[in-house]
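Counting from 0, one number per residue, gives the positions in the sequence shown under numbering that gives the first Met the number 0. Working notes, structure below.
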Amino acid sequence: MVGDDAAGRRVASLLKDLDVDPRGLVVADSRPTTRKTRVVARSQQIVRFDRETSERTDDDVAGRLRGVLESSLADCDGVVVEDYGKGVLAPPMGSDAMAIFRACNLPVVVDPKSDLETFRGASLVKPNLREAELLSGIEIHDAQDLAAAAARMREDLGGADVIVTRGAEGMTLFEGGTKAVEVRTAPREVFDVQGAGDTTISALALALRAGASLLEAAVIANAAAGVVVGKVGTATASAAEVRELLGGAVEAAGAGS
Numbered sequence: 000m001v002g003d004d005a006a007g008r009r010v011a012s013l014l015k016d017l018d019v020d021p022r023g024l025v026v027a028d029s030r031p032t033t034r035k036t037r038v039v040a041r042s043q044q045i046v047r048f049d050r051e052t053s054e055r056t057d058d059d060v061a062g063r064l065r066g067v068l069e070s071s072l073a074d075c076d077g078v079v080v081e082d083y084g085k086g087v088l089a090p091p092m093g094s095d096a097m098a099i100f101r102a103c104n105l106p107v108v109v110d111p112k113s114d115l116e117t118f119r120g121a122s123l124v125k126p127n128l129r130e131a132e133l134l135s136g137i138e139i140h141d142a143q144d145l146a147a148a149a150a151r152m153r154e155d156l157g158g159a160d161v162i163v164t165r166g167a168e169g170m171t172l173f174e175g176g177t178k179a180v181e182v183r184t185a186p187r188e189v190f191d192v193q194g195a196g197d198t199t200i201s202a203l204a205l206a207l208r209a210g211a212s213l214l215e216a217a218v219i220a221n222a223a224a225g226v227v228v229g230k231v232g233t234a235t236a237s238a239a240e241v242r243e244l245l246g247g248a249v250e251a252a253g254a255g256s
């Protein structure tokens with residue numbers, strides 16, 4: 000969703016240049032296009048200026064969003080939900096979207112910010128440590144706390160698998176009732192972490208839909224995230240770049256298992 004403004008038109012133009020189907024882009028005249036300006040010095044972000052709104056979407060926009068979802072999902076193999084806490088998924092939109100996904104029998108992978116009840120029925124959720132604390136209500140100091148937080152989140156979600164990302168420490172996987180699995184990250188020079196979480200969840204979803212196990216998908220996602228943090232600015236990871244780091248990611252994951 001974008002606003003009816005210059006920034007929104009720029010997004011639409013970029014999508015067109017990339018041959019991305021524009022039918023999923025909803026233009027809302029009631030809110031601006033989110034813009035974030037980062038001040039960076041020597042590869043370190045000093046401050047960020049955000050121009051946005053976090054207000055709940057109005058009924059007209061929410062209705063158009065539902066229409067886009069219902070008309071687009073026939074061509075989808077799965078859904079990635081990135082909840083930035085900016086009002087788009089505020090009640091009842093988030094729950095309505097999940098109902099649409101369930102009706103289409105699609106696997107849903109979620110990076111959550113808000114109440115987990117909204118995403119009940121998801122296949123997998125991927126909070127970071129801080130988000131896991133907030134969503135579970137449990138302060139995490141050690142592996143036991145992390146396991147308790149994951150168990151509570153799984154209960155709230157109706158049994159979804161949980162992956163908690165831990166930055167340079169890698170990820171912890173909680174699949175079904177099995178023991179937690181640590182997936183370490185290969186050493187990598189970090190220039191910019193912007194977009195690493197988005198890359199991780201996208202790679203997870205793609206790998207899972209391609210038939211990978213949760214552990215295999217996590218290793219691939221670690222490699223993909225390793226690619227983007229090695230670049231300055233919001234970046235992408237090509238298949239060739241991921242393959243280049245995959246050997247190190249597999250080795251690091253083996254050391255953590």
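By construction, the Cβ of each residue, glycine as well, lies at the ideal position given by its N, Cα and C atoms. Bear in mind that the values here come from a model prediction, so they are computed numbers and not experimental data.
Give a yes or no on whether the minimum CB-CB distance between residue 107 and chain D is below 8 angstroms.
Of the protein chains in this structure there is only one, and it is not chain D.
Could you tell me whether the Cβ atoms of residue 169 and residue 183 are closer together than 8 angstroms?
Yes, these two residues count as a Cβ contact at 8 angstroms.
On a CA-only basis, which of 232, 249 and 115 is nearest residue 44? Give me that one, please.
Checked all of 232, 249 and 115; the closest Cα to residue 44 is 232.
Check for me: the alpha helix (DSSP H) holding residue 100 runs from which residue to which?
From DSSP, the alpha helix (DSSP H) with residue 100 extends over 92 to 102.
Hey, quick one: how far does the beta strand (DSSP E) through residue 162 stretch, first residue to last?
Where residue 162 is concerned, the enclosing beta strand (DSSP E) stretches over 160 to 164.
Measure the Cβ-Cβ separation of residue 11 and residue 60 and say whether it is below 8 angstroms.
Not closer than 8 angstroms, so no.
How about residue 173 and residue 151: are their beta carbons less than 8 angstroms apart?
No.
Is the beta carbon of residue 49 less than 8 angstroms from the beta carbon of residue 32?
Result no, Cβ atoms of residue 49 and residue 32 do not sit closer than 8 angstroms.
As a quick exercise: from 228, 117 and 213, pick the residue whose alpha carbon is nearest that of residue 179.
Nearest C-alpha to residue 179: 213.
Exposed or buried, residue 193, counting other C-beta atoms within 10 Å across all chains shown (16 or more means buried)?
Answer is buried; the Cβ neighbour count reaches 16.
Would you list the residues sitting across from residue 182 in a DSSP beta bridge?
Note: residue 182 sits in a beta bridge opposite 170.
What does the alpha-carbon distance come out to for the pair residue 99 and residue 68?
Rounded to whole angstroms, residue 99 to residue 68 spans 8 angstroms at the Cα level.
If you count every other CB in all the chains shown that lies within 10 Å of the CB of residue 21, and 16 or more means buried, which is it?
Its Cβ having fewer than 16 others within 10 Å, residue 21 is exposed.
Which ranges does the alpha helix (DSSP H) cover as unbroken runs of at least 4 residues, wholly within the segment 128 to 164, from first to last along the chain?
Complete alpha helix (DSSP H) runs here, min 4: 128 to 135 and 142 to 156.
Residue 107 and residue 121 - do their beta-carbons sit closer together than 8 angstroms?
In this structure, residue 107 lies closer than 8 angstroms to residue 121 by Cβ.
Given residue 101, which residues of its chain have a CB within under 6 angstroms of its CB, disregarding the five upstream and five downstream residues?
So the list reads 120, once near-sequence residues are dropped.
Out of 140, 16 and 115, point me to the one whose CA is closest to residue 157's CA.
Of the listed residues, the one whose Cα sits closest to residue 157 is 115.
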